[in-house]
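S.K.:
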Amino acid sequence: MNDENEVEKANDLSDVVVVLHGRVEVDSFDQYMVKYIDSYSVTIQELESVTAKFKFNSMMRALIEICFLFSPAPLHGFAFWFDVEFNGHAISSTNYQSTTSFVDNHQMNGSQRKRRTNPNEALALYTAPEDPPTHQQQTLIYFYDPIELEQDQLIEGSVTLSQSKENARFMNIHLEYTSGGRSYVKESVMR
């Protein structure tokens, strides 16, 4: 027993075991809206290329009530997705035609479309990773090498989304960002 006490003291150990109940979650960043687009007023030309600047600080947080000493954490990339809310008037049943159509070679008929029960409620499509799956996908842009971030380290830059010339349904992503005195450029395609 004496040897165990010496080992505990030498390694700053304790014979008490602490069990944490619940979920522990560590995030580097909160979600950040890159661009808000009003679908009632936007033009086709404005959607061909959308650029937005961003600036935020890294934020490591734990959802438990104890203090942590945070060491640098790697940032491996950025994730992109979109949310759409339709706030207009609901389609009345007399104007609604249940015709069969094909989207990406998948048969769609009127009964598969989601209808609002309350015309004042927004109809929404959320494609974030924590939302239920849809046919839309999130796009992850991984860095060639992760960036080691300190708490509250500034990350800023710009992102440009432009319609792909090869496939009109795809978006090209051009990402420029700086952090810790270094600048980076990364490109990808949102499919």
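Here UniProt numbering is used: the first residue of the sequence shown is 1, the next is one more, and so on.
Cβ coordinates follow ideal geometry from the N, Cα and C atoms, glycine included.
Values in this document were obtained by computation on a predicted structure and should not be read as measured data.
Hey, how far is the Cα of residue 166 from the Cα of residue 38?
M.R.: Whole-angstrom Cα-Cα distance: 26 Å.
S.K.: If you follow the alpha helix (DSSP H) that residue 44 is part of, which residue opens it and which one closes it?
M.R.: 44-48 is the span of the alpha helix (DSSP H), which, as asked, contains residue 44.
S.K.: Just to confirm, are residue 129 and residue 138 a CB contact at a threshold of 7 Å?
M.R.: Cβ distance < 7 Å, so residue 129 and residue 138 count as in contact.
S.K.: Please work out which residues of its chain come closer than 7 Å, Cβ to Cβ, to residue 34, disregarding the five sequence neighbours upstream and downstream, and give them in chain order.
M.R.: Once the five neighbours on either side are set aside, the close Cβ partners of residue 34 are 52, 54 and 159.
S.K.: Within a Cβ cutoff of 6 Å, which residues of the same chain sit near residue 186, ignoring the five residues on either side of it in sequence?
M.R.: These residues qualify, in order along the chain: 141 and 175.
S.K.: According to DSSP, which residues form a beta bridge with residue 156?
M.R.: Answer is 55 and 178, bridged to residue 156.
S.K.: Residue 86 to residue 36, Cα distance in whole Å?
M.R.: In a straight line, the C-alpha of residue 86 is about 13 Å away from that of residue 36.
S.K.: How far does the beta strand (DSSP E) with residue 139 in it reach, from first residue to last?
M.R.: Where residue 139 is concerned, the enclosing beta strand (DSSP E) stretches over 139-149.
S.K.: With DSSP run on the structure shown, which of helix, strand or coil describes residue 172?
M.R.: Of the three classes helix, strand and coil, the one that applies to residue 172 here is strand, per DSSP.
S.K.: Do you know whose CA, among 172, 177 and 132, lies nearest residue 162's CA?
M.R.: When each option's Cα is compared against that of residue 162, the closest is 172.
S.K.: In terms of alpha-carbon separation, which member of 123, 122, 135 and 149 lies closest to residue 77?
M.R.: Answer by Cα proximity: 149.
S.K.: Residue 80: which of 126, 41, 40 and 47 sits nearest, CA to CA?
M.R.: The shortest C-alpha separation from residue 80 is found at 126.
S.K.: Return helix, strand or coil for residue 190, following the three-state DSSP convention.
M.R.: Residue state, collapsed to three classes: strand.
S.K.: In terms of residues, what are the limits of the beta strand (DSSP E) holding residue 126?
M.R.: Segment 123-126, the beta strand (DSSP E) holding residue 126.
S.K.: Looking at the structure shown, is residue 185 part of a helix, part of a strand, or coil, going by DSSP?
M.R.: Note: residue 185 maps to strand in three-state DSSP.
S.K.: Would you decide whether residue 164 is buried or exposed? Buried here means 16 or more other CB atoms lie within 10 Å of its CB.
M.R.: Label assigned to residue 164: exposed.
S.K.: Beta carbon of residue 144, beta carbon of residue 157: below 7 Å?
M.R.: It is not a contact, given that the beta carbons lie outside the stated cut-off.
S.K.: Can you list, in chain order, the residues of its chain whose CB lies under 7 Å from that of residue 155, leaving out five sequence neighbours each side?
M.R.: Cβ neighbours of residue 155 beyond the five flanking positions: 56, 58, 177 and 179.
S.K.: Taking the continuous beta strand (DSSP E) assigned at residue 166, which residues delimit it?
M.R.: Looking at the DSSP string, residue 166 is not in any beta strand (DSSP E), and its letter there is neither H nor E.
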